[in-house]
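Remarks on the structure that follows.
2 protein chains.
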Amino acid sequence: MIPVTIHHVAQKARCSVASVSRVVNGTGPASPAMRARVEVAVAELGFQPSEVGRSLARRSRRILGVLVPSVTNPIFAASLAGIQDRARAAGLSVLIAQSDYDPGREREAVEALLAERPAGLVLTVCDPYDSLALDLVERQGIPTVLVYNDPGDRRISAVTVDSRGASRALVEQMIALGHRRIVFVAGHFAASDRSRLRYLGYADAVSAAGLPVEPPTEVDFIVGADDVDLTELVSRLRPTAIVASNDLLALSVIASLRRLGLDVPGQVSVAGFDGIALGRLVDPPLTTVEQPAGTMGVAAVSLLLELAAGRCESQRLLINHTFRPGGTLQPPVAQVRLSKRRQSSQNLVHQESSR
Amino acid sequence: MIPVTIHHVAQKARCSVASVSRVVNGTGPASPAMRARVEVAVAELGFQPSEVGRSLARRSRRILGVLVPSVTNPIFAASLAGIQDRARAAGLSVLIAQSDYDPGREREAVEALLAERPAGLVLTVCDPYDSLALDLVERQGIPTVLVYNDPGDRRISAVTVDSRGASRALVEQMIALGHRRIVFVAGHFAASDRSRLRYLGYADAVSAAGLPVEPPTEVDFIVGADDVDLTELVSRLRPTAIVASNDLLALSVIASLRRLGLDVPGQVSVAGFDGIALGRLVDPPLTTVEQPAGTMGVAAVSLLLELAAGRCESQRLLINHTFRPGGTLQPPVAQVRLSKRRQSSQNLVHQESSR
DNA sequence: CAGCCGACTGGAAACGTTTCCAGGACCCTA
DNA sequence: TAGGGTCCTGGAAACGTTTCCAGTCGGCTG
C-alpha cells in the first residue's frame, strides 16, 4: 500500500534516480537499453510520479485554482466546465472553491487556494472593488483572471460581458414594446457586481425614457429554486414587466407570479440574464440575454496560460452577449385602461380581465 | 514576487525554522517571547506555509479528489456542492475532474487525481462493474467512496439510492393511474449504471403488471438541454406515459412533446428522476423521484473521513428517496377510445381530441 | 550544593522529485 | 596516438516543510 517512489524504480532498473526521471519525462539523453529497463520497471511497479515531489522540485504546480460563488448556479457550473476542459487540455488539474456569495468565505477560500501554490487563479468574486481576496492575490503576484467581474483599476486580467449595456438594451426593448412600469428584481444584490451592473443598465434605459426608476427589489434567493414572495412588489408597483438579475431568479419569479394567479407573459412579462440551458426547456422559453459561460471559462484559462507564460500582458476580454427572444416578453395588454384606473385599485393582484 | 518561505520568517524572527513551524502549527512547546516574535514576522512577511512542502514532509495531503460525469448536470453540481462544503469544514481542498461519461477519459482523470496523492477520493463513475479507473484505485488502496454507484463486489464504500426500487415504485404508480403504454427514455445508457438500474426498475414494474416491456429509447443528450427528437418514438409506440432516466432529460422530453403539439400531462404524462431544483419552477412542476444530491455529497465526505481515520470499515450507505408528485403525471385520457382505434391511426402525433 | 527534570530551542534528516555538474566511455580527426 | 568531441550516466544539491533528537538552561528537590 505504500506508494512506489522513483527510488524503487531505480533499484529495480539498476540505475540512478536521475536516469529514471529522464526516461519518464523524456528530458535528457538515455540509451535504448536504459530506456527499456526503466520502462519495464515502471510498468511492473505501476509507478506514477508524485505531483507533490515534482512540483516542489520544479517549484511550479500543474494546478489551477478556481473560485466561483456557487457551483449549483448553472451559469457557474457551465463556466467551471469550460475552465475544467481547457485546463485538462493543458495538463492542469483544477482546484475548486466556493464563496457562497460571502466575502469572508471568499477570502478564506482564496487563501486556501493560494496555499496550494497554483500555477494560476480563475476567480469570480463577489465585489472586485472591495475584495480582500483580490488584495491578497495582487500582493502575491500570481497570474489571475477574473470571470464576470470588472477588475476596475486593478492590474488583473478579466473575461467579462457588457452587463450594463446588455441590460440597457434589454430594457429599451421592453420600453419599445410599450412597457411603462418595469421593475428590477435582484438576488444577492450586495454581493454581486453582476447584479449591480445589470441594475445600472436598467436604470440607464428607464431614465432615458423618462420613466420612474424603481429601486431594485431584493429577494432572498440562494440555492436556485427558492420560493420568492412577490406579493408586496406586485401589489405596490403593479409592473407590466420584470427584469430579473439572472435566469434562475427569472424562473423563480415566473413561478411566483403564476402562484399569484398572474399569467406570464399575458399579464406580466419577465426576462432574465445568462441564457442558461434550462431556459429553453420551459414553456414558453425564457426571454434572456445569453452570455456563453462555457466559452468564457475556456477563454479565461487560455488567457491565463498566455499570462503565465509571459507571452502577453494583463488584459481584458469582452465576450459578446446575444439577445434570445424566447416567449416571456410581450407587449403589455390593456395598457391604457390600467393606467387610467391606477389609483382606485387596491387589489393585491391586478388581473386585467376582471376590471 | 518570490514566495516567502519558512526560512525568511526564521531569519526575521531570529530563530530556527523548527521553531517557526512549531509556532505556526501550534505543535510542540514555545515560549511566549518566541511565539510573539514569530507571529510578528509571519504577519509582516505575509507568510503562508506551502501545502506542497507541507504535504511532502508529512506524506499526507489535505486534498480530496472528486470525479463526476459532468458538472453541468445540476444533480452532480449539487452533489459537488455538498462535497465541497463538507470538505471545507474538514479543512480539505477539493480537486475536481470530469469524465464526460467517457470511460477512457474517466481513467485519465482518475490517474491525474491519483498523481496528486489525495487524502481520499469521491467518485461517480460510468460503470462500476467495468471500470479501469476503479481497478486503479483499488490497487492503490486509497480511501474511496462511490456516489450514486453500486460497488458490486468491490471492497469500496458507497453512498447510493435504491435506483431500481425507486423506478419500480414510480412506474407502479403510473400503472395504478391507468397507463398501459409506458416507455423509458434514456441518455448515456451505455455509460451510466444509474440509467440502467432505473430501466430495470421500469421493467420490473411493467412486466409484473403483464404489460409489454419496451426496450429503452436512447437519445443523444449530453449537455443538458439539447433538442431530442421523439417523433419516431411517439408515432410508433404512442405512449401515454414516458419515464425519463433523469430530470434534465424529462424536461427536454416535455419540451420536445410540446413541439410535436402534444399536451403534457393532458395527452402524455412524463416523470423523471433526481429532483433537481428547477423541476419545481416549471409549469406544471415536474413529477419526479427526489434524491438529495447535496446530502449524498456531504455523507460521502463524512464517510470518507471516517474511513481515512481508520475509524470504520468499508461500508454502503443507502439514502432515502422521496416521491415528488408534481403535476406532469395524470391518469391517461380517452384510454379506451384510443386503444380501440389503434390500428387505423397513422398520424404522427396522436391528439386524442381530434379523433 | 548536587542532581534531576521539565521547558524550550536548534540542527539535521526525511519526504519525492528535478536538474546541474562532473566523470566515464567511446568515436573521430588531425 | 593524442586530443577533443559526443553521448550517456550517477552523485548530489535543491525545493519547503515537519519532526526526531540532542542539547541548553533554569528551577526544584533532596
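Those protein sequences? They're chains V and E, same order as listed.
Per our numbering, residue 153 is the first one in the first sequence, and the count goes up by one each step.
Per our numbering, residue 153 is the first one in the second sequence, and the count goes up by one each step.
Virtual Cβ for every residue (Gly too), placed ideally from N, Cα, C.
Note that this is a predicted model, so its numbers are computed, not measured.
Alpha-carbon spacing of residue i relative to residue j, whole angstroms
| i | j | result |
| --- | --- | --- |
| V:VAL172 | V:THR157 | 11 angstroms |
| V:SER497 | V:LEU414 | Note that V:SER497 has pLDDT 39, beneath the 50 cutoff, so the model's placement of it is unreliable and the number below is only indicative. Roughly 16 angstroms between the two C-alpha positions. |
| V:ALA357 | V:ARG333 | 12 angstroms |
| V:ASP287 | V:ARG350 | 25 angstroms |
| E:VAL289 | E:THR296 | 8 angstroms |
| E:ALA182 | E:GLU191 | 12 angstroms |
| V:ILE235 | V:GLY449 | 4 angstroms |
| V:VAL176 | V:SER245 | 20 angstroms |
| V:ARG213 | V:GLU203 | 8 angstroms |
| E:GLU534 | E:SER315 | Lying before the first or after the last residue shown, residue 534 of chain E is absent from chain E, which here runs from 153 to 507. |
| E:CYS464 | V:ARG174 | 42 angstroms |
| E:PRO367 | V:ARG166 | 58 angstroms |
| E:PRO477 | E:ARG210 | 52 angstroms |
| E:GLY180 | E:THR447 | 38 angstroms |
| E:VAL420 | E:ASP372 | 21 angstroms |
| V:GLY178 | E:HIS159 | 33 angstroms |
| V:GLU260 | V:ASP254 | 10 angstroms |
Other residues of its chain near residue i: CB distance less than 8 angstroms, five sequence neighbours each side excluded
| i | result |
| --- | --- |
| V:PRO303 | PRO280, SER309, ALA310, ARG468 |
| V:GLY418 | GLN482, VAL485 |
| V:PRO270 | ARG213, ILE215, LEU216, GLY217, LEU247, ILE294 |
Coarse secondary structure for residue i, derived from DSSP in three states
| i | result |
| --- | --- |
| V:GLN482 | coil |
| V:LEU216 | strand |
| V:GLN236 | helix |
| V:SER496 | Its pLDDT being 39, under 50, V:SER496 is placed unreliably by the model, and the measurement read from it follows with that caveat. Correct three-state label for V:SER496: coil. |
| V:VAL156 | coil |
| E:VAL416 | coil |
| V:ARG206 | helix |
| V:ARG189 | helix |
| E:GLN163 | helix |
| V:ARG411 | helix |
| V:VAL313 | strand |
| E:ALA170 | helix |
| E:GLN467 | coil |
| E:SER421 | strand |
| V:VAL405 | helix |
| E:ILE327 | helix |
| E:SER183 | coil |
| E:ALA461 | coil |
| E:VAL277 | coil |
| V:VAL335 | strand |
| E:VAL380 | coil |
| V:LEU245 | In the sequence under discussion, the amino acid at residue 245 of chain V is Ser, which differs from the Leu named in the question. Three-state result, V:SER245: strand. |
| V:ARG476 | strand |
| V:ASP372 | coil |
Distance between beta carbons of residue j and residue i, contact taken as under 8 angstroms
| i | j | result |
| --- | --- | --- |
| E:CYS278 | E:PRO201 | Not really, about 38 angstroms apart at Cβ, beyond 8 angstroms. |
| E:ALA229 | V:ALA229 | 5 angstroms |
| V:LEU438 | V:ALA402 | 6 angstroms |
| V:ALA242 | V:LEU457 | 6 angstroms |
| E:LEU216 | E:ALA239 | 5 angstroms |
| V:LEU382 | E:GLY205 | So it is not a contact: roughly 54 angstroms between Cβ atoms. |
| V:VAL223 | E:ALA233 | 5 angstroms |
| V:VAL299 | V:LEU470 | Between V:LEU470 and V:VAL299 the Cβ distance is about 12 angstroms, and since that is not below 8 angstroms, they are no contact. |
Pair within 7 angstroms by beta-carbon distance, residue i and residue j
| i | j | result |
| --- | --- | --- |
| E:LEU265 | E:ALA285 | no |
| E:VAL422 | E:SER404 | no |
| V:LEU197 | V:VAL161 | yes |
| E:GLY424 | E:GLN443 | no |
| E:VAL218 | E:VAL274 | yes |
| E:GLY353 | E:SER319 | yes |
| V:GLY293 | V:ALA460 | no |
| E:LEU389 | E:VAL323 | no |
| E:HIS473 | E:THR392 | no |
| E:SER466 | E:ARG307 | yes |
| V:LEU329 | E:LEU247 | no |
| E:SER251 | E:ALA445 | no |
Beta-carbon proximity list for residue i, same chain, < 6 angstroms, skipping 5 on both sides
| i | result |
| --- | --- |
| E:SER397 | ALA338, SER347, ARG350 |
| E:GLY431 | ASP399, LEU438, THR440 |
| E:GLY462 | none |
Spatial neighbours of residue i in its chain, beta-carbon cut-off 7 angstroms, leaving aside the 5 residues before and after
| i | result |
| --- | --- |
| E:VAL416 | ILE406, LEU409, ARG410, VAL422, THR480 |
Residue i Cβ short of 6 angstroms to the ligand GTP heavy atom set
| i | result |
| --- | --- |
| E:VAL386 | Within the structure as shown, the ligand GTP is missing, as the structure has no ligands at all. |
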